[in-house]
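Chemist: A single structure is presented below for examination.
In the numbering used here, the protein residues as written are 380 to 529.
Given below as structure tokens:
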């Protein structure tokens, strides 16, 4: 009950949680350490807490930061967050948390926008994020269709 009360107070206060997750596929962590973290994330999502993607631990992992970030998103989906909200947690919610007057989180001329395209529909299958076919960063195409680098 105390945990539910904390979640209700957080929602009422408009708290946003940057939910880093150690639910990474390549880490060999005992389930006794992962289970409580997964449960807290699941309860926060179920209660309706606003979750934003992020972590302070991407640099110490034995995998690329992008891979770690995707695994974080997969953990949100596994915890019960709908795929549309998972994508929002990594995009518009993160931009909004940084500040309303930033040039982030919107795909239009004059804004900062990195864009990816994937094979499949991540709204139906979040694992489509593993099948990137196009990457544009800072207005430059880095990976085009069929994975060729530009």
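For every residue, glycine included, the Cβ atom is placed at its ideal position computed from N, Cα and C.
Here the structure is a predicted model, which is why all the values come from computation and not from measurement.
(1) Mapping DSSP to helix, strand and coil, what is residue 514?
(2) Tell me residue 519's beta-bridge partners as DSSP assigns them.
(3) Let's see if you can read the secondary structure: which residues bound the alpha helix (DSSP H) around residue 423?
(4) Three-state secondary structure (DSSP) at residue 475?
(5) Would you mind working out which of 479, 476, 471, 478 sits nearest residue 486, comparing C-alpha positions?
(6) According to DSSP, is residue 394 part of a helix, a strand, or is it coil?
(7) Where do the N-terminal and C-terminal ends of the alpha helix (DSSP H) with residue 446 fall, by residue?
(8) If you run the structure through DSSP and keep just helix, strand and coil, what is residue 465?
Modeler: So, from the data block:
(1) On the chain shown, position 135 is the one that residue 514 refers to. DSSP places residue 514 in strand when its eight states are reduced to three.
(2) For the purposes of this step, residue 519 is taken as residue 140 along the chain shown, with counting starting at 1. Beta-bridge pairing links residue 519 to 516.
(3) Indexing the chain shown from 1 puts residue 423 at position 44. 410-426 is the extent of the alpha helix (DSSP H) around residue 423.
(4) By 1-based counting over the chain shown, the position of residue 475 is 96. In the structure shown, residue 475 sits in a helix (DSSP, three-state: H, G or I).
(5) Along the chain shown, one-based indexing puts residue 486 at 107. Residue 486 has its Cα closest to that of 471, out of 479, 476, 471, 478.
(6) As a working note, residue 394 is residue 15 in the chain shown. If DSSP states are grouped into helix, strand and coil, residue 394 belongs with coil.
(7) On the chain shown, position 67 is the one that residue 446 refers to. Looking at the DSSP string, the run of the alpha helix (DSSP H) that includes residue 446 is 444-457.
(8) Taking the chain shown and counting its residues from 1, the one referred to as residue 465 is at position 86. If DSSP states are grouped into helix, strand and coil, residue 465 belongs with the helices.
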